[in-house]
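In our numbering, the protein residues as written are 969 to 1075.
The C-beta atom is built at its ideal place from N, Cα and C for all residues, glycine as well.
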Amino acid sequence: MTGQRPAASSEEAEQPVFRVQNEHVPVLGRPLEVKVDERGVERAIRKLRRLIAGEGVLREIKHRRHHEKPSIKLKRKTREAERRRKRRQKKARTVGDFTPRERGTAE
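This is the structure in C-alpha coordinates:
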(Lines of atoms letter the chains of each structure in order from A and count residues from 1; the text may use other names and numbers.)
(Lines give C-alpha, C1' and ligand atoms only; values in the text may rest on other atoms or scores of the structure.)
Protein backbone atom coordinates (compact mmCIF):
# COMPACT_ATOMS: atom_id res chain seq x y z
CA MET A 1 0.00 0.00 0.00
CA THR A 2 1.56 3.26 -1.08
CA GLY A 3 -0.89 5.63 0.58
CA GLN A 4 -2.35 6.81 -2.73
CA ARG A 5 -5.83 6.32 -4.13
CA PRO A 6 -6.47 4.51 -7.36
CA ALA A 7 -6.12 7.06 -10.12
CA ALA A 8 -9.11 8.16 -12.16
CA SER A 9 -6.85 10.53 -14.07
CA SER A 10 -3.14 11.25 -14.15
CA GLU A 11 -3.59 14.45 -12.08
CA GLU A 12 -5.24 12.59 -9.21
CA ALA A 13 -2.53 9.93 -9.21
CA GLU A 14 -0.07 12.28 -7.49
CA GLN A 15 -2.36 13.31 -4.59
CA PRO A 16 -1.87 11.32 -1.37
CA VAL A 17 -4.82 9.86 0.53
CA PHE A 18 -3.64 11.27 3.85
CA ARG A 19 -2.17 14.61 4.86
CA VAL A 20 0.26 15.55 7.56
CA GLN A 21 -1.84 16.84 10.46
CA ASN A 22 0.80 18.77 12.35
CA GLU A 23 3.19 20.40 9.92
CA HIS A 24 6.23 22.01 11.52
CA VAL A 25 5.92 25.78 11.56
CA PRO A 26 9.33 27.45 11.69
CA VAL A 27 9.92 29.75 14.64
CA LEU A 28 10.36 33.35 13.65
CA GLY A 29 13.30 35.30 14.97
CA ARG A 30 16.97 35.63 14.52
CA PRO A 31 19.28 32.65 14.93
CA LEU A 32 21.62 32.73 17.89
CA GLU A 33 25.21 32.62 16.76
CA VAL A 34 28.52 33.44 18.34
CA LYS A 35 31.75 33.85 16.42
CA VAL A 36 34.84 32.34 17.98
CA ASP A 37 37.81 34.65 17.66
CA GLU A 38 41.36 34.60 19.01
CA ARG A 39 40.06 35.08 22.56
CA GLY A 40 38.99 31.45 22.68
CA VAL A 41 36.15 29.00 22.81
CA GLU A 42 35.45 29.44 26.52
CA ARG A 43 34.61 33.12 26.03
CA ALA A 44 32.34 32.26 23.09
CA ILE A 45 30.51 29.64 25.18
CA ARG A 46 29.93 32.19 27.97
CA LYS A 47 28.61 34.68 25.42
CA LEU A 48 26.30 32.04 23.92
CA ARG A 49 24.94 31.19 27.38
CA ARG A 50 24.17 34.87 28.00
CA LEU A 51 22.40 35.12 24.63
CA ILE A 52 20.35 31.99 25.35
CA ALA A 53 19.38 33.31 28.78
CA GLY A 54 18.44 36.69 27.33
CA GLU A 55 16.26 35.15 24.63
CA GLY A 56 14.52 32.84 27.13
CA VAL A 57 15.33 29.68 25.17
CA LEU A 58 15.94 27.48 28.22
CA ARG A 59 12.78 28.76 29.92
CA GLU A 60 10.78 27.91 26.79
CA ILE A 61 12.30 24.42 26.61
CA LYS A 62 11.42 23.88 30.27
CA HIS A 63 7.79 24.87 29.66
CA ARG A 64 7.50 22.68 26.56
CA ARG A 65 8.95 19.63 28.29
CA HIS A 66 5.45 18.66 29.48
CA HIS A 67 2.00 19.58 28.26
CA GLU A 68 0.62 22.69 29.92
CA LYS A 69 -3.14 23.15 30.05
CA PRO A 70 -4.30 26.37 28.38
CA SER A 71 -5.77 27.70 31.64
CA ILE A 72 -2.50 27.09 33.52
CA LYS A 73 -0.52 28.63 30.66
CA LEU A 74 -2.72 31.75 30.74
CA LYS A 75 -2.25 32.10 34.51
CA ARG A 76 1.52 31.73 34.15
CA LYS A 77 1.67 34.30 31.33
CA THR A 78 -0.46 36.72 33.40
CA ARG A 79 1.85 36.31 36.42
CA GLU A 80 4.93 36.87 34.25
CA ALA A 81 3.39 39.98 32.68
CA GLU A 82 2.49 41.38 36.11
CA ARG A 83 6.02 40.74 37.34
CA ARG A 84 7.49 42.54 34.29
CA ARG A 85 5.08 45.47 34.76
CA LYS A 86 6.00 45.87 38.44
CA ARG A 87 9.70 45.67 37.61
CA ARG A 88 9.34 48.39 34.95
CA GLN A 89 7.40 50.62 37.36
CA LYS A 90 10.00 50.19 40.07
CA LYS A 91 12.79 50.95 37.62
CA ALA A 92 10.96 54.03 36.29
CA ARG A 93 10.60 55.41 39.83
CA THR A 94 14.30 55.14 40.59
CA VAL A 95 15.75 56.27 37.23
CA GLY A 96 17.88 59.40 37.16
CA ASP A 97 18.26 61.90 39.97
CA PHE A 98 14.60 61.69 40.90
CA THR A 99 13.92 59.66 44.02
CA PRO A 100 10.39 59.56 45.41
CA ARG A 101 9.96 61.47 48.67
CA GLU A 102 7.57 60.78 51.45
CA ARG A 103 4.46 62.94 51.56
CA GLY A 104 4.29 65.77 54.02
CA THR A 105 7.99 66.52 54.10
CA ALA A 106 9.03 69.99 53.00
CA GLU A 107 12.49 71.17 52.15
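Problem - Inter-stretch contact at 8 Å, needing at least 3 Cβ pairs: the region 1022–1035 / the region 1003–1014 - result: The region 1022–1035 makes no contact with the region 1003–1014; the number of CB pairs closer than 8 Å stays below 3.
Practice task
Assign P999 to one of three DSSP states: helix, strand, or coil.
Solution key: coil
Handout entry: The alpha helix (DSSP H) enclosing K1015, as first and last residue numbers
Key = V1009 to E1023
Problem - Which listed residue (R1007, G1008, R1017 and V1025) has its alpha carbon closest to that of G997 - result: V1025
Handout entry: Closest residue to I1020 among R1052, T1046 and V1002 (Cα-Cα distance)
Key = The option with the nearest alpha carbon to I1020 is V1002.
Problem - Rounded C-alpha distance that separates R1033 from L1000 - result: 21 Å
Practice task
Output the distance between the C-alpha atoms of V985 and R1051, rounded to the nearest integer angstrom.
Solution key: 49 Å
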